[in-house]
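Here the protein sequences line up with chains A and B, keeping their order. So for the first sequence, this note's numbering puts the first residue at 125; every next one is plus one. So for the second sequence, this note's numbering puts the first residue at 2; every next one is plus one. Here is the structure we will look at, set down as structure tokens.
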Amino acid sequence: MSIDVLLQLRDSLLETLYMVAAAWLIGGAIGVPLGVFLATSGKGELFAAPRLNALLNLVVNATGSTPFIILVVALIPVTRFIVGTSIGTSAAIVPLTVAGAPFIARTVEAAIREVDHGLIEASAAMGATPGQIVRKVLLPEALSGITLGLTLIAVTLIAYSAMVGAVGGGGLGDLGIRYGYQRFRVDVMALVIVVLIALVQGVQMAGASIARRVNKRLRPPSSAATHK
Amino acid sequence: MNNRPNFSRSVYAGGAAGAPMISIDGVSRFYPATKKSGGVHALRNVDISVRGGEIYGVIGRSGAGKSTLLRAINGLERPTAGRVCVDGADISALRDEALRAARRKIGMIFQHFNLLSSRTTFANVALPLEFAGLDRKAIRARVESLLELVGIADKRDRYPVELSGGQKQRVGVARALATEPKVLLSDEATSALDPETTRAILALLADINRTLGVTIVLITHEMSVIKEICHRVGVMEAGEVIEEGDVYDVITRPQTQTARSFLSALSGRELPRWLAAELRPDSHRTGTAVLRLGFTGARATEPTIARLARKLGADIAILQAQVDDVGGRPFGSIIVTMPVAAAFDEATQAFLADHDVAIERLGYVD
């Protein structure tokens with residue numbers, strides 16, 4: 125295997141990391157607040173706005189049910205408007221973000237809905253404002269679930285990023301297709317797969333570890349025996 | 002567990018005489034019909050007045066409306082009719098920031114504690130103070146004295162998962178007292194605890210009531226809780242308060258079937274099983290009548306039964322007898338059998354009434 129291929133691999137890895145990280149961060153910045161709102165704006169809830177809630181649900185479902193490769197192509201005009209071009213690694217961030225944000229919103233919503241309703245009631249009884257309930261109660265209590273959700277999204281985005289070669293996005297997936305498939309370089313294909321697996325594994329382990337650390341519902345092993 | 006205080010209840014600490022701390026006037030709560038169920042009257046025209054410094058208990062089965070009633074006091078439930086005033090503030094009319102300010106003066110504890118799993122004991126108790134916008138230093142001082150007060154200072158940095166039920170409820174009590182409320186609402190606070198822990202938590206509540214003068218309203222489905230610490234009690238059924246009075250009076254002379262059925266669950270109040278199996282209802286007034294006679298106050302220690310037997314020449318058999326203690330006052334309860342004729346004899350009735358003996362007809366045996 126030539127040094128060229130290894131350099132290619134390094135560049136592709138950096139492209140993947142760049143796309144995924146950017147889409148994950150921007151998607152999180154949109155998806156986390158959106159998820160909080162979805163979880164608290166239903167009828168009779170903290171920020172009750174049933175109509176807006178229904179509308180946002182529709183939008184989230186629509187993007188969630190569109191196959192990613194269709195989304196990439198369909199978003200080309202939007203991408204050109206935002207990035208200035210529809211081709212390239214930066215351009216690929218747009219469809220990745222659009223696919224990721226609703227997904228993040230759903231996992232955040234699910235994590236927040238898992239929080240015991242009694243805590244909301246207790247907080248209201250203590251004289252908390254709805255904003256305080258979100259900041260000091262719902263988000264901290266849902267943190268472990270949110271962390272796991274964000275980890276899952278990062279992994280999903282890594283998988284999606286393999287498809288953005290279709291719009292010249294580059295990245296590991298693109299490298300695998302061009303060298304491994306189109307040029308019959310089985311060794312390159314294998315290398316790409318190994319790197320992708322290692323990447324996903326690393327992200328997954330880091331996420332799970334953080335989620336475990338912030339989850340105080342689990343009894344720490346050291347004190348399990350001594351505290352009844 | 003030797004920290005059981007004596008429950009002297011004569012002292013109603015604090016609270017201006019006259020104006021009640023909590024007044025609930027003609028409160029109704031109607032839940033409109035939904036697709037799944039018809040409309041429900043959770044509360045029907047409830048009137049309750051709680052004096053400052055009092056421990057008021059509401060007893061009822063699940064669905065009786067006691068939880069809705071409790072939540073009307075801090076505005077978590079809005080009455081469809083009527084008015085709820087706490088310490089002069091009309092809770093049912095308050096909105097937003099005014100309501101939040103009023104709620105800080107009303108603490109609440111819960112059956113399932115409702116502690117934040119992500120916060121330590123210290124941080125859980127600090128939460129209402131953070132909501133109120135206190136600075137760190139003030140919060141720290143306040144929380145540490147509260148942890149001392151409820152006896153869990155050594156669990157300061159533990160998470161709820163590391164605490165026992167009793168310890169969790171102590172955190173709940175400390176949290177509820179953080180903003181120095183005048184009123185404490187207790188929503189079945191001991192229902193998830195074992196009997197020993199229940200006693201300890203009730204002792205803590207009685208202690209807080211006595212030393213801090215905090216008015217307490219508690220709801221429960223256990224008469225033992227009422228008997229242990231309450232001054233007055235309201236019995237609820239189907240959204241209505243059907244009986245109300247001093248705990249001693251309600252326990253010794255219950256007026257409604259519901260109150261009686263709650264009493265029968267008190268330890269020592271249930272009928273012996275062999276007797277319960279043989280007992281026939283009121284429609285067969287033959288053979289021997291089984292009565293429960295209740296002796297209250299000074300008369301609890303007089304030889305009333307012996308005198309009755311002598312006076313009437315009736316055969317009276319004592320099946321079970323005990324002298325109980327309700328709020329420091331003696332209460333004797335005797336289950337007797339006597340011939341039906343004697344039981345319904347006017348002289349018997351008059352004699353017993355004359356001696357302040359409460360009669361409850363339990364049934365008839367052969």
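Beta carbons: idealized from backbone N, C-alpha and C, even for Gly. All values derive from a computational prediction rather than experimental measurement.
Range of the contiguous beta strand (DSSP E) that encloses residue i
| i | result |
| --- | --- |
| GLY61/B | 56-61 |
| LEU342/A | Note, LEU342/A: premise wrong, no beta strand (DSSP E); not H, not E. |
| ARG45/B | 41-51 |
| ARG362/B | 358-366 |
| PHE296/B | 289-297 |
| ASP355/B | No beta strand (DSSP E) holds ASP355/B; the alpha helix (DSSP H) holding it covers 347-355. |
| GLY108/B | 107-111 |
Collapsed DSSP secondary structure at residue i in the structure displayed
| i | result |
| --- | --- |
| GLY328/B | coil |
| GLY89/B | coil |
| PRO340/B | strand |
| ASP247/B | strand |
| VAL279/A | helix |
| LEU77/B | coil |
| GLN256/B | coil |
| SER347/A | Legend: pLDDT at SER347/A = 49, less than 50; position of this residue unreliable, value from coordinates given subsequently. Reduced to three states, the DSSP call for SER347/A is helix. |
| GLY333/B | strand |
| ARG30/B | strand |
| GLU139/A | helix |
| ALA17/B | Its pLDDT being 44, under 50, ALA17/B is placed unreliably by the model, and the measurement read from it follows with that caveat. ALA17/B: coil per DSSP, three-state reduction. |
| GLU241/B | strand |
| GLY208/A | coil |
| GLY188/A | helix |
| GLY83/B | strand |
| ALA322/B | strand |
| SER24/B | strand |
| ASP136/B | coil |
| MET2/B | With a pLDDT of only 39 at MET2/B, under the threshold of 50, the placement of this residue in the model should not be trusted, and no figure is reported. |
| THR203/A | helix |
| VAL35/B | Checking the displayed sequence, the identity of residue 35/B turns out to be Thr instead of Val. Coil at THR35/B, not helix or strand. |
| SER126/A | coil |
| GLU265/A | helix |
| THR271/A | helix |
| ILE309/B | Note that residue 309/B corresponds to Leu in the displayed sequence, not to Ile. Three-state result, LEU309/B: helix. |
| ALA142/B | helix |
| THR302/B | helix |
Bounding residues of the alpha helix (DSSP H) (the contiguous stretch that carries residue i)
| i | result |
| --- | --- |
| ARG233/B | Not the alpha helix (DSSP H): ARG233/B falls in the beta strand (DSSP E), residues 233-238. |
| SER247/A | 241-249 |
| ASP316/B | Where ASP316/B is concerned, there is no enclosing alpha helix (DSSP H), given that its DSSP letter is neither H nor E. |
| ARG274/B | 274-279 |
| GLU271/B | It is not in any alpha helix (DSSP H) - GLU271/B carries neither H nor E in the DSSP assignment. |
| ARG101/B | 97-104 |
| GLY224/A | 213-237 |
| ALA198/A | 192-198 |
| LEU128/B | 122-132 |
Quiz item: Which residues, in order along the region 246-263 of chain A, keep a beta-carbon less than 8 Å from a beta-carbon of chain B?
Solution: Residues passing the 8 Å Cβ filter: ALA246, SER247, ALA248, ALA249, MET250, GLY251, ALA252, THR253, GLN256, LYS260, VAL261.
Quiz prompt | Any alpha helix (DSSP H) of 4 or more consecutive residues that is wholly inside the region 285-336 of chain A | solution = The qualifying runs are 296-299.
Exercise. Name, going along the chain, the residues of the region 158-184 of chain A whose beta-carbon falls closer than 7 Å to a beta-carbon of chain B.
Key: Listed by position, the residues of the region 158-184 of chain A near chain B (Cβ gap below 7 Å) amount to none.
Practice problem: Taking only beta carbons into account, state which residues of the region 329-346 of chain A come closer than 9 Å to chain B, listed in chain order. | Solution: Within the region 329-346 of chain A, those residues whose Cβ lies closer than 9 Å to any Cβ of chain B are, in chain order, VAL338, ASN339, LYS340, ARG341, LEU342, ARG343, PRO344.
Practice problem: Run through the region 145-230 of chain B for me and flag every whole alpha helix (DSSP H) of 4 or more residues, listed as ranges in chain order. | Solution: As far as the region 145-230 of chain B is concerned, its whole alpha helix (DSSP H) runs of at least 4 residues are 166-178, 196-213, 224-230.
Practice problem: Determine which residues of the region 262-295 of chain A have a Cβ less than 7 Å from any Cβ of chain B, and write them out in chain order. | Solution: Going along the region 262-295 of chain A in chain order, one finds PRO264, GLU265, LEU267 with a Cβ nearer than 7 Å to chain B.
Quiz item: Okay, do the region 243-254 of chain A and the region 113-124 of chain B touch, 3+ Cβ pairs below 8 Å being the bar?
Solution: Taking 8 Å as the limit for Cβ pairs, the verdict is that the region 113-124 of chain B does touch the region 243-254 of chain A.
Quiz prompt | Residues, ordered as in the chain, of the region 113-141 of chain B that lie near chain A by beta-carbon distance below 9 Å | solution = Those would be HIS113, PHE114, ASN115, LEU116, LEU117, SER118, SER119, ARG120, THR121, LEU128, PRO129, GLU131, PHE132, ALA133, in chain order.
Self-check item: alpha helix (DSSP H) runs wholly inside the region 149-183 of chain A, at least 4 long, in chain order
Solution: Fully enclosed alpha helix (DSSP H) runs of 4 or longer: not present.
Quiz prompt | Cβ contact check for the region 205-215 of chain B and the region 38-51 of chain B: 3 or more pairs under 8 Å | solution = With a cut-off of 8 Å, the region 38-51 of chain B and the region 205-215 of chain B do not count as touching, because too few Cβ pairs lie within range.
Exercise. Output, in sequence order along the chain, the residues in the region 143-170 of chain B whose CB is closer than 8 Å to any CB in chain A.
Key: ARG159, TYR160, PRO161, VAL162, GLU163, LEU164, SER165: these are the residues of the region 143-170 of chain B whose beta carbon lies less than 8 Å from some beta carbon of chain A, given in chain order.
Quiz item: Three or more C-beta pairs closer than 8 Å, one from the region 181-192 of chain B and one from the region 257-264 of chain A: is that the case here?
Solution: Contact fails: fewer than three Cβ-Cβ distances are below 8 Å.
Quiz prompt | Any 3 or more C-beta pairs closer than 8 Å across the region 158-178 of chain B and the region 119-131 of chain B | solution = Taking a cut-off of 8 Å for Cβ pairs, the region 158-178 of chain B and the region 119-131 of chain B touch, as three or more such pairs fall below it.
Quiz item: Can you find at least 3 beta carbon pairs, one from the region 52-63 of chain B and one from the region 18-38 of chain B, that sit closer than 8 Å?
Solution: A contact exists between the region 52-63 of chain B and the region 18-38 of chain B.
Quiz item: Are the region 163-179 of chain A and the region 270-279 of chain A in contact at 8 Å, needing three or more beta carbon pairs?
Solution: With the cut-off at 8 Å, the region 163-179 of chain A and the region 270-279 of chain A do not touch.
Quiz item: Which of the residues in the region 76-97 of chain B, read from start to end, lie with their CB under 7 Å from any CB of chain A?
Solution: Within the region 76-97 of chain B, the qualifying residues are LEU77.
Quiz item: How do the region 191-198 of chain A and the region 262-274 of chain A stand: do at least 3 beta-carbon pairs fall below 8 Å, yes or no?
Solution: Counting Cβ pairs under 8 Å, fewer than three are found: no touch.
Quiz item: Of all the residues that make up the region 210-244 of chain A, which are near chain B by a beta-carbon distance shorter than 8 Å?
Solution: With the criterion set as a beta carbon lying under 8 Å from some beta carbon of chain B, the members of the region 210-244 of chain A are ASP240, GLY242, LEU243, in sequence order.
Quiz item: When you check each C-beta in the region 291-308 of chain B against every C-beta of chain A, which residues fall closer than 7 Å?
Solution: Listed by position along the chain: nothing, the set is empty.
Quiz item: Touch check for the region 76-85 of chain B and the region 25-39 of chain B: three-plus C-beta pairs under 8 Å?
Solution: Counting C-beta pairs closer than 8 Å gives three or more between the region 76-85 of chain B and the region 25-39 of chain B, which meets the contact rule.
Practice problem: Kindly confirm or deny that the region 98-111 of chain B and the region 143-157 of chain B touch, where touching means at least three C-beta pairs closer than 8 Å. | Solution: They do not touch, by the three-pair rule.
Quiz item: Using 8 Å as the Cβ pair cut-off and three pairs as the minimum, do the region 143-160 of chain A and the region 307-315 of chain A touch?
Solution: In this structure the region 143-160 of chain A does not lie against the region 307-315 of chain A, because fewer than three pairs of beta carbons, one per stretch, are closer than 8 Å.
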